[in-house]
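S.K.: For the sequence shown, position 26 matches number 26 in our numbering, and the numbering has no gaps at all. Idealized CB from N, CA, C, for every residue including glycine. Bear in mind that the values here come from a model prediction, so they are computed numbers and not experimental data.
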Amino acid sequence: MAVSHDKLFHLLFDWRISNSELINKAGFSGNVMMQIKRRKCISLDSIERIRRALDCGADDI
Numbered sequence: 001m002a003v004s005h006d007k008l009f010h011l012l013f014d015w016r017i018s019n020s021e022l023i024n025k026a027g028f029s030g031n032v033m034m035q036i037k038r039r040k041c042i043s044l045d046s047i048e049r050i051r052r053a054l055d056c057g058a059d060d061i
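(1) Using a Cβ-Cβ cut-off of 6 Å (strictly less than) and excluding sequence neighbours within five positions of residue 28, which residues of its own chain qualify?
(2) Indicate the three-state DSSP secondary structure (helix, strand or coil) for residue 28 in the structure shown.
(3) Check whether the Cβ atoms of residue 53 and residue 22 lie closer than 8 Å to each other.
(4) Excluding the 5 residues preceding and the 5 following residue 12 in the sequence, name in chain order all residues of the same chain whose CB lies nearer than 7 Å to its CB.
(5) For residue 39, which residues in the same chain have their Cβ closer than 8 Å to its Cβ, ignoring the five residues on either side in sequence?
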């Protein structure tokens, strides 16, 4: 099942945050970022880490 993380990528682009910066801020591995890029499902824990790192809502991701 394909998952869309387009909102996340637009948010990163608008705020000029690189993928590696997000990985460091959120504290997850590069594998999670690869799953996001490949439109795979990620865990709710990863979504929560991204949400906290970017100070946004889950619906923004």
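M.R.: Quick answer:
(1) 46, 49
(2) coil
(3) yes
(4) These residues qualify, in order along the chain: 22.
(5) 2, 3, 4, 5
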